[in-house]
Amino acid sequence: MPRLFTGIEIPDHLREALARLRQPLPGARWIEPEDYHITLRFAGDVDRHVAAEFARALSDIELETFELRFNGIGAFGGNDPKTLWAGIELTPELDALARAHERAARLVGLQPETRRFKPHVTLARLRGTSVDILARYLQRNGGFRTPPFRVSRFVLFSSKPRVGGGPYVIEETYTLVGGEYAEYEDEY
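Position one of the sequence shown corresponds to residue 1214 (the numbering used here), numbered consecutively onward.
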């Protein structure tokens, strides 16, 4: 039974910028830069038949390439912080892509996502991190911003069954409309 989710990969130069945010922070288990991604839809542990149907449903998504940018650092968990993240500006194009992934998941019988889509890259998992220490970290780093980057494809990832976490494996890639030309943009 594979554990699947869909997401957007992070360009290497931005992985490096995110990795520079790693600092001594008690209780933080930092995510490896090669595992940075923006999750679009978590499918979970599914049987091979559902996995194949989900992969086919994703191939029907036809949206154009678009740009994203990082905008800020934050934490989930309130007074008991659990996750440190780098935020992504929610654009209409990203929202449309996330909604398309939700439709594909429902089409193959997956339960509807109950949480509101909050695009981010997880930087660290937190355990027992002091709110005061985290607040100081966020004060120093919360203004993190990047220039835009082009999203030309999305991917279907797998992770270790029933465990989650990296290393993640790319099972399938899906090129957005116009994305087949993205590799040439950097040459000019």
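Built from N, CA and C at the ideal position, the CB exists for glycine as well.
Residue closest to residue i, alpha-carbon to alpha-carbon, out of the options
| i | options | result |
| --- | --- | --- |
| Leu1217 | Arg1312, Ala1318 and Ile1346 | Ala1318 |
| His1250 | Thr1278, Ala1337 and Ile1346 | Ala1337 |
| Gly1285 | Leu1231, Pro1215, Arg1363 and Ala1313 | Leu1231 |
| Pro1332 | Trp1298, Ile1346 and Val1364 | Trp1298 |
| Asp1248 | Arg1233, Arg1366, Ser1272 and Glu1222 | Glu1222 |
| Leu1276 | Ile1301, Pro1305 and Leu1310 | Leu1310 |
| Leu1347 | Phe1289, Ser1372 and Arg1269 | Phe1289 |
| Gly1300 | Gly1379, Thr1359, Val1334 and Ser1272 | Val1334 |
| Pro1361 | Arg1235, Leu1234, Phe1279 and Arg1233 | Phe1279 |
| Leu1303 | Ile1274, Pro1380 and Leu1253 | Leu1253 |
| Val1364 | Pro1237, Arg1282, Arg1269 and Asp1260 | Arg1282 |
| Glu1385 | Arg1316, Thr1327 and Ala1270 | Ala1270 |
| Asn1354 | Ser1372, Gly1257 and Gly1287 | Gly1287 |
| Ala1256 | Val1344, Asp1345, Gly1379 and Pro1325 | Pro1325 |
| Leu1320 | Phe1370, Phe1267, Glu1306 and Asp1308 | Phe1267 |
N-terminal and C-terminal residue of the beta strand (DSSP E) that residue i is part of
| i | result |
| --- | --- |
| Phe1218 | Arg1216 to Glu1222 |
| Arg1368 | A small correction: the amino acid at residue 1368 is Val; Arg does not occupy that position in the sequence shown. First-last of the beta strand (DSSP E) with Val1368: Arg1366 to Ser1372. |
| Leu1284 | The sequence given here places Asn at residue 1284; Leu does not occur at that position. Its beta strand (DSSP E) spans residues Phe1283 to Phe1289. |
| Gly1300 | Thr1296 to Ile1301 |
| Arg1338 | His1333 to Leu1339 |
| Arg1242 | Ala1241 to Trp1243 |
Where the alpha helix (DSSP H) containing residue i begins and where it ends
| i | result |
| --- | --- |
| Leu1310 | Pro1305 to Leu1320 |
| Ile1155 | The structure shown does not extend to residue 1155, since the chain is modelled only from 1214 to 1401, so the question has no answer here. |
| Glu1229 | Asp1225 to Ala1232 |
Counterpart residues of residue i in DSSP-defined beta bridges
| i | result |
| --- | --- |
| Gly1257 | Leu1217 |
| Thr1252 | Gly1220 |
| Tyr1387 | Phe1367 |
| Glu1277 | Val1390 |
| Phe1362 | Leu1281 |
Exposure label - residue i; buried when at least 16 CB within 10 Å
| i | result |
| --- | --- |
| His1408 | A query on residue 1408 cannot be resolved here, the shown segment of the chain reaching from 1214 to 1401 and no further. |
| Gly1291 | exposed |
| Thr1342 | buried |
| Val1368 | buried |
| Tyr1397 | Confidence at Tyr1397 is low in this model, with a pLDDT of 48, below 50, so the placement of that residue should be treated as unreliable; the coordinate-derived value is given next. Exposed, since its Cβ has fewer than 16 Cβ neighbours within 10 Å. |
| Ile1383 | exposed |
| Tyr1401 | Only weak support exists for where Tyr1401 lies, its pLDDT of 35 falling under 50; the value from the coordinates is given anyway. It counts as exposed. |
| Pro1215 | buried |
| Ser1272 | exposed |
| Pro1294 | buried |
| Val1259 | buried |
| Ala1265 | exposed |
| Gly1356 | exposed |
| Arg1329 | exposed |
| Asp1399 | A caution first: Asp1399 carries a pLDDT of 48, below 50, which makes its placement in the model too unreliable to give a value. |
Chain C contact for residue i (CB, 7 Å cutoff)
| i | result |
| --- | --- |
| Phe1357 | Here chain C cannot be found, since the structure has a single protein chain. |
Whole-number beta carbon distance between residue j and residue i, since they are thought to touch under 8 Å
| i | j | result |
| --- | --- | --- |
| Gly1322 | Val1263 | 7 Å |
| Ile1274 | Tyr1394 | Not really, about 18 Å apart at Cβ, beyond 8 Å. |
| Arg1340 | Gly1220 | Wrong, their Cβ atoms sit about 24 Å apart, outside the cutoff. |
| Tyr1350 | Gln1236 | 7 Å |
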